Each structure stands twice: as C-alpha cells, then as structure tokens.
Amino acid sequence: MQKNKIFSIVLMLYLAFQMTHAAVYVDLESYKGRTCQKQKDGMVAEFFKSGWRSFKSSVNETVFSDNINSEQFWNTLRTSLEDGTFYNRVAGIQTLDNQTGSDIFLRTLYSSIEQVPVKYKSVSPDGDSIMLSGKIFLPKKKEAKHIIIANHFTICADREAPSGASSLEGIFATKDYIVLMPDYIGYGISDSLTHPYLHLESTVSSAIDLLKAAMHYLRANCYTFYSTVILVGYSQGGAATLALQKKLEEEYAYEFPVYKVFAGAGPYDLVGTFDYYISDTKTDIPCSLPMLILGMDYGEHLGLKREDFFQPLLMEKCPRWIESKSKMMNEVNSELGTDMNLLLKPVIFKKEAYPTSVLYEAVKKNCIVNWTPKSRLFLFHSTQDNMVPFLNSEHLKANFDAQHLENVQYDFAPYGNHMNAAVTFFEKVYKSL
C-alpha cells in the first residue's frame, strides 16, 4: 500500500512536470559534437524513473492501441474538433480529470512517448539570426523507424503551438516514429514576431533547420532511425509539407531523402484560394485574410499599411484578437464574424488595384502547384471542405495528371467539413504508417 502511494505521488509529480514542461526548451545547439554516451542516473532521477516505469507497466498498452484504432476514438476527436473542446485539451486549458473522449489520446501520449520542447537557430524573413522552437515527440524505443516532420494546421493562440501543446500529430510517435514539429516563426519562443502566414520560404526554412538541429540531439541520445524522412501536414501544414517536399527533393536529396509524403486539404493554389474568397463576402475562416495580409507583408517585405485594408472594426480587434496570439482560432473566428465587408475594405476585392495588387503578387509567389514531386505522395481532401476550397487539390491533380505521374495517390471524397475531415486524414495516415 505504501509503495503504491509513493508511486502515485511520483506519477502526479511527473504529470505536473510534463504539463509545465513546455516552458522549458531544450537547446538543440548544445548537442552539437556530442556522441552517444549512456550515463548512470542519480538516485532521485532513478526514483522518478522507477515510479514512472511501474505506472507504465500497469498500463495495458494493447487497450490503448485498440482504442486508437477504434472508430469510437476517431469519432470522439471529430466531435471535439467541431465543438472546439479539442483545442482546449491539447492546449492544456482543461485538465486530464476534466476531459471526456479525447483523454484516451492524451493518456496514450503520456504513457507511451516523451515530449521534448526544443529551441534551435534559424533565420527570419529579414535575414536575421533568430531562435525558434518546436517539439520532438519520441517513442519509448531507441530503435525508431523514420523521422516524421509534421507541419501543423492554422492556429491563432500561442498556446496551441506544438512546443506548448499535445499536438495531434504526436500520436505518430506511438508507432515508434520520431516526430518533429516546428512551431513556425511567430509562435513559441519567437512569439514576439509576426507569423508569416502561408509564406512558404520561411516556413520551410524553419522545418529544415529543426531537422538539422534535431539530428545532433537524437544521435547524442543514442536514437537510431532510418535515413529517409516522412512528411505530414494538413491545411496550412499541407501546403507547408508540399513546399518542404519540393525543397528537400531539389536541394537535400542526399542528406535528407524523402520516403513518403502525406498532405491534406492545403491551400496549394494560394492564388485560386484568394480568388475564391474575394469572389464572395462571406467566409468560414475570417481570421485567415487578416493573417495573410500581415504574414505576407512580413514574409515578402511588402511595406503594406493595415489601415489600407482593415475596416475600423478589424483595426480595433486585430491587436487583441489576432496579434496578441492569446485567443484560439475558433474564438477569433467567432468574434470576427463571417462578413468580410465588416472586416476588410472594398479594395481587397479588387486585385488589380493598389495595394491589393502588391499583395496579390506575393500570393502568386507562394503557390505550390506547378512542380514535380519525386517521392510517393498521398493527397487527401474533402470535396465538402468549407475552409480550404477543394479547387486547391483539383488544380494540383490537373498539373500532376498532365505530367502522367504514377507516384501520387488521391483520396478525394465527401468527408465533411474541414475540421471533420482533418480527423479522417490523420486516421488514414496513422493506420497506413
């Protein structure tokens, strides 16, 4: 009884540490030059480890595995994505005790993998040296499979960034993959910067720099893994993933060969997406256009003035609801409303007129449609998508079909709205790994 009580205390302390661990970044730069050396643990560290091992030994991992592969698990995620509570859970707003369906997901992560928030050197769109953050999800086994680079979907709150949240993509580590997730510029340790939303060059750069820096950490900690990488991303992460694939295949084919790519519902054709949104005055993702204007202005050095685009309502709300990065996406969208006429000035609907013309040219530069993927590519999109129009995948497929590519697999079907389909995408990726 006394032993169980001690282990219970150890477990509570460990979980409390895990929940607050996001505030402590492991500096990947400090692992350069280190080699694999197994060190003896001190008495205190061993006490915590023995308690945690005891807890995990009492967990029926087959039950966890069965739950992850069950329809109930994935349907629960769909429900919590639709009602917004999933964001509360992964961002740590609701405690483990207060969770319902998705507690299976979080408990699986805590019992099966390690989450390591990290920081590393990169470069800003201005060319300045900066520190960025992200997270490494590690399996229990030192003999891992592939490294997965997972690019996250659009977020608004800093606490939704991977380094401080139990991101859904971390679930891949439960199948013995090492998962790397960059926060993107403007989140985590770089939250004082503007997020260069949908700016592909800076997004890809942050992912490659994380991959390079993580190699030192993984080797110093005695992890072994396949030399090829897998890329995964949905929504904003889908476009980032294809841009990353292109960059790796063209410039890092020998250093970081790509094994397979999974991309879902991304704004690959950003021009087509922009045209789609300005063809109507209603939108289901009102945060995206102001984020695009601010992000492209920073990423491409456009010198735009927000007052040229933003209506007084948005001028008032932008600092508090978007730039503060304190509100989650569902909160921001609800606050802004769906009528773009109340948020943006009429010039946004005139892409030939200045200053929209300047923005439009930047949008053109950030399309990822006209290229040739070399690795195996799985493309997913719901034909009922209400946020990232299906035309993105249609245009991408048309380009690939014209090249008679045989390495691309398509999964286009009525999977429901953008959020609902996201779970279907991750379920398909998880089960195919």
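Note that this note's numbering has the sequence shown beginning at 649, numbered continuously upward. Beta carbons: idealized from backbone N, C-alpha and C, even for Gly. Nothing here was measured: the structure is a model prediction, and the numbers come from that model.
query: Where does the unbroken alpha helix (DSSP H) through Glu762 begin, and where does it stop?; result: Per DSSP, Glu762 belongs to no alpha helix (DSSP H); it is in the beta strand (DSSP E), Ile761 to Val771.
query: Less than 8 Å between the beta carbons of Lys895 and Ser1023, yes or no?; result: no
query: Mapping the DSSP letters down to three states, classify Pro994 as helix, strand or coil.; result: helix
query: If we count the other Cβ atoms within 10 Å of its Cβ and call it buried at 16 or more, is Pro994 buried or exposed?; result: exposed
query: In terms of alpha-carbon separation, which member of Ser1080, Tyr825, Ile833 and Ala1001 lies closest to Thr876?; result: Tyr825
query: What does DSSP give as the partner residue(s) for Pro787 in the beta ladder?; result: Ile761
query: Buried or exposed: Asn978, going by 16 or more other Cβ atoms within 10 Å of its Cβ?; result: buried
query: Are the CB atoms of Gly947 and His847 nearer to each other than 8 Å?; result: yes
query: Per DSSP, which residues does Arg1024 bridge with? Please list them.; result: Lys908
query: Please classify Cys870 as buried or exposed, where buried requires at least 16 other C-beta atoms within 10 Å of its C-beta.; result: exposed
query: Can you give the Cα-Cα distance for Leu1084 and Ile878, rounded to whole angstroms?; result: Outside the displayed range of the chain (649 to 1081) lies residue 1084, so it cannot be described from this structure.
query: Please state whether the Cβ-Cβ distance between Thr618 and Ala868 is less than 8 Å.; result: Since the first residue of the chain shown is 649 and the last is 1081, residue 618 is not available in this structure.
query: Closest to Lys769 by CA distance: which of Ile761, Gly782 and Glu762 is it?; result: Gly782
query: Is it true that the CB of Ala891 sits closer than 8 Å to the CB of Thr842?; result: no
query: For Ser853, which residues in the same chain have their Cβ closer than 8 Å to its Cβ, ignoring the five residues on either side in sequence?; result: Ser770 and Val771
query: Quick one: Cα of Leu918 to Cα of Asp1033, how far?; result: 15 Å
query: Classify Thr1031 as buried or exposed, calling it buried when 16 or more other Cβ atoms lie within 10 Å of its own Cβ.; result: exposed
query: Apply the 10 Å Cβ neighbour rule to Phe695 and answer buried if 16 or more other Cβ atoms are within range, or exposed otherwise.; result: The pLDDT assigned to Phe695 is 41, lower than 50, so where the model puts this residue is not dependable, and the model offers no usable value.
query: May I have the straight-line CA-CA distance separating Asp956 from Trp969, to the nearest angstrom?; result: 19 Å
query: Assuming Leu676 is part of the alpha helix (DSSP H), what are its boundary residues?; result: Taken as a continuous stretch (DSSP letters only), Leu676 belongs to no alpha helix (DSSP H), as it is neither H nor E.
query: So is Asp689 buried or exposed if we call it buried at 16+ other beta carbons inside 10 Å?; result: Low local confidence applies: a pLDDT of 42 at Asp689 is under 50, so the model's placement there is unreliable, and no value is given.
query: Please give me, in chain order, every unbroken run of the beta strand (DSSP E) with length at least 3 that falls completely inside the stretch 835-911.; result: 877-882
query: When the Cα of Lys790 is compared with those of Thr889, Thr1020 and Tyr874, which residue comes out closest?; result: Tyr874
query: List the residues that DSSP assigns as beta-bridge partners of Gln685.; result: In the DSSP output, where bridge partners are listed per residue, Gln685 has none listed.
query: Classify Leu961 as helix, strand or coil using the three-state DSSP reduction.; result: helix
query: Should Val672 go down as buried or exposed, given a rule of 16 or more other Cβ atoms within 10 Å for buried?; result: exposed
query: For Thr1004, is the classification buried or exposed, using 16 other Cβ atoms within 10 angstroms of its Cβ as the cut-off for buried?; result: buried
query: DSSP three-state label for Asn1055, please.; result: coil
query: Got a sec, what are the start and stop residues for the beta strand (DSSP E) Met829 sits in?; result: Ile826 to Pro830
query: Starting from Asn1040, trace the beta strand (DSSP E) in both directions and tell me its first and last residue.; result: Here Asn1040 belongs to no beta strand (DSSP E); instead the alpha helix (DSSP H) covers Leu1039 to Ala1050.
query: Are three or more beta carbon pairs between the stretch 913-931 and the stretch 980-988 nearer than 8 Å?; result: yes
query: So Gly886 and Gly914 are supposed to be a Cβ contact under 8 Å. How far apart are they, rounded?; result: 2 Å
query: When the Cα of Gly1053 is compared with those of Asn1040, Leu1025, Phe1074 and Ser1080, which residue comes out closest?; result: Note that residue 1053 corresponds to Leu in the displayed sequence, not to Gly. Here the closest residue by C-alpha is Leu1025.
query: What residues in its chain sit with their C-beta under 8 Å from that of Thr921, if we drop five residues either side in the sequence?; result: Pro915, Val1036, Pro1037, Leu1039 and Asn1040
query: Comparing alpha-carbon positions, which option in Gly812, Ala821 and Ser811 lies nearest Val1118?; result: Because the chain in this structure spans residues 649 to 1081, residue 1118 falls outside the shown range and cannot be described.
query: Assign His949 to one of two classes, buried (16 or more other C-beta atoms within 10 Å of its C-beta) or exposed (fewer than that).; result: exposed
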